[in-house]
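Worksheet: one structure, shown below.
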Amino acid sequence: MSYKLFIPGPIAVSEKTLRAMAQPMIGHRSNDFVALYQSIQPDLQALFFTQDPVYISTSSAWGVMEGAIRNLTQKKVLCCMNGAFSDKWLDVAQRSGLAAAGLKSEWGQPVDPEALRKELATGQYDTVTLIHNETSCGCMSDLPAIAAVLKQFPDVISIVDTVSSFSAMPIKKDELGIDVIITGSQKALALPPGLSLLTPSKRALARAALCKTRGYYFDLLEFQKNHEAGMTPSTPVIPLIYALKSKLEDIKAEGAEARYARHARLNKTVRDHVLAKGFKLFPKEGHGSVSLNCFANTLNVDLAALNKILKSKHKLVIDGGYGKLKGLTFRISNMGDETDETIAAMLKSLDAALAELGAK
Ligand SMILES: Cc1ncc(COP(=O)(O)O)c(C=O)c1O
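Everything in the sequence shown is counted per my numbering, starting at 194 for the first residue and increasing by one.
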C-alpha cells in the first residue's frame, strides 16, 4: 500500500524526517525538552519573519484557528470567505457563540482588499480572519494589499491562516503587520499531521487578556507563560517536534530563498504542463497558489478513474476536487520536498494515465 501523495496535504514525508521522529522520549518538563524547544525558536521566527514568539500546538491547524478567534474576538469577527476552509471559519466562529459575519467571494476569487476596507469601515469588527492560500480551490489572495488595508484599522486584530503557503514563499509577518499567523505541519513543511504553529503579536496577547472565556487548551496566555519557560502548556507531540527540528535544518541547508524559488519553479512546471493539455486553471488568473495547482476539469475526465490508474499503476495520488468541486476540479501539490525529477516523473505518470483514459 505504498504510494506517493501529490494531494495538497498531507504530503510525502522524507525518510530523514521519519527517522528524526524515531528518537527516545524525553519529559516535556525536562531540561532536554527546554533545550529542544528553545533551539528551534530562532529558526521558526526567521521563517515567520517575526520577532514574536512562535507557539507549538499539539493539534491540527483547526485547533489554533478556533482558539485564536475565541481568544481574540470581543466584539465581532469578520471572516473573509473564498473557499472551503475560509467558509468553515465563519461556521466555527458561529459554533463558538461569537458574533460573526462573512465577507464573501466566489470560490477561486481572491479576497478583495477594497471590499474588506469598506466592511471594516463600518466599525463593527475587532477581528478579521483570512486564509492566505485557499487550498480547496488553489487561490492565493494578495496579502500585502490586504495587510495595507488592515493597517488602516489598528483596533482590528488580524488572524491569517498560512497553512498551505508557509515556507513555500516568504510571508513577512512583522513587515506586513499581521497580528497572528497560523500554520500546520502536513503542508509545505512536509511533516506528518498533528502539529500547528501560531505566532501572536503583543497587541494580540493584550486582547486575549481581556477575554474571560479563553478556555485552557488553546489559551494564548497559557502558551505565552509556558513559552517563556521553553515549554508548551500540555504534553506536546514530541516526535513531531523532533521532526520539525530536522525540517528546519533541511530548510537552512537548502536556503529559504532557494526553497521559495524551487516551489515557484515546480508550481509553474505543473501548471504549464497541464494547461498545455487543454485544462484551465480554476482560480482567477494571477491568483493561483504557489504550492499547488487547482485545475478546472474542462476535458471532463473521469477523475475517480484517473486516480485509480495513478494509484494502482503509478503509485501516486492526486486530488479529485474538494467539497462541492469534487469531480469538477483536480489539485496537484508541489509543496514540501519535491524536485524537478519527482515532478517530471509525476507528470509522466499523469500523461500515461490520461492517455489510458482516452484523454490526450
Ligand atoms: C488553508 C487551510 N486551512 C486550514 C486547514 C485545516 O487544517 P487541519 O485539517 O490540519 O486542521 C487546511 C487543511 O487542508 C487548509 O488547507
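Just so you know, even glycine gets a beta-carbon here, dropped at the ideal spot from N, CA and C.
This one's a predicted model, so the numbers in the text were calculated from it and none came from an experiment.
Checklist entry - Between the C-alpha atoms of Phe359 and Asn264, what's the straight-line distance to the nearest angstrom? => result 23 Å
Checklist entry - With which residues is Cys404 paired in a DSSP beta bridge? => result Cys404 has no beta-bridge partner at all, per DSSP.
Checklist entry - So what does DSSP say about Glu478, is it helix, strand or coil? => result coil
Next on the checklist: Check whether the region 491-506 and the region 319-336 are in contact - that is, three or more C-beta pairs closer than 8 Å.
Outcome noted: no
Next on the checklist: For Arg452 and Phe411, I'd like the C-alpha separation in whole angstroms.
Outcome noted: Just so you know, the alpha carbons of Arg452 and Phe411 end up roughly 31 Å apart.
Checklist entry - Which runs of the beta strand (DSSP E) fall wholly inside the region 307-391 and span at least 3 residues, in chain order? => result 320-324, 350-354, 373-377
Item to check | Through-space distance from Phe488 to Leu496, alpha-carbon basis | outcome: 12 Å
Next on the checklist: Checking 7 Å against the spacing of the C-beta atoms, do Pro476 and Cys330 come in under that value?
Outcome noted: yes
Next on the checklist: DSSP three-state label for Leu499, please.
Outcome noted: helix
Item to check | Short Cβ contact (7 Å threshold) for Phe199 with Ser526 | outcome: Cβ atoms of Phe199 and Ser526: closer than 7 Å.
Checklist entry - Quick one: is the Cβ of Gly295 within less than 6 Å of any heavy atom of ligand 1? => result no
Checklist entry - What are the start and end residues of the beta strand (DSSP E) that includes Phe523? => result 522-526
Checklist entry - Beta-carbon separation of Leu414 and Ala422 under 7 Å? => result no
Checklist entry - Between the C-alpha atoms of Ala383 and Ile204, what's the straight-line distance to the nearest angstrom? => result 6 Å
Item to check | Residue(s) in a DSSP beta bridge with Ala136 | outcome: In this structure the chain extends from 194 to 553, so residue 136 is not present and cannot be described.
Checklist entry - Distance, Cα to Cα, Val342 vs Ser357? => result Distance between the alpha carbons of Val342 and Ser357: 23 Å.
Checklist entry - Okay, do the region 434-447 and the region 258-276 touch, 3+ Cβ pairs below 8 Å being the bar? => result no
Next on the checklist: Strictly by DSSP, which residues pair up with Tyr248?
Outcome noted: Answer is Leu391.
Checklist entry - In terms of residues, what are the limits of the beta strand (DSSP E) holding Leu485? => result 485-489
Next on the checklist: Closer than 6 Å to a non-hydrogen atom of ligand 1 - does that hold for the CB of Asp354?
Outcome noted: yes
Item to check | Spatial distance of Gln287 from Cys272 (CA atoms) | outcome: 11 Å
Next on the checklist: Taking 6 Å as the cut-off, is the beta-carbon of Ala239 closer than that to any non-hydrogen atom of ligand 1?
Outcome noted: In terms of side-chain proximity, the C-beta atom of Ala239 is found no nearer than 6 Å to any non-hydrogen atom of ligand 1.
Item to check | Cβ pair Met218, Tyr435 closer than 7 Å | outcome: no
Item to check | Supposed contact pair Arg524 and Leu485 - C-beta distance, whole angstroms, cut 8 Å | outcome: 5 Å
Item to check | Whole-angstrom distance between Asp372 and Pro347, CA atom to CA atom | outcome: 10 Å
Checklist entry - Is Ile374 near ligand 1, in the sense that its beta carbon is under 6 Å from a heavy atom of that ligand? => result no
Item to check | Nearest-angstrom beta carbon gap, Asn490 and Leu521 [assumed within contact, 8 Å] | outcome: 6 Å
Next on the checklist: Using C-beta distances below 8 Å, list every residue in its chain close to Thr425, excluding the 5 sequence neighbours before and after it, in chain order.
Outcome noted: Non-local C-beta neighbours of Thr425 in its own chain, meaning closer than 8 Å and more than five positions away in sequence, comprise His221, Tyr230, Tyr248, Ile249, Ser250, Thr251, Phe416, Asn419, ordered along the chain.
Item to check | Leu237 versus Gly516, Pro393, Leu403, Trp255, residue with shortest Cα-Cα distance | outcome: Pro393
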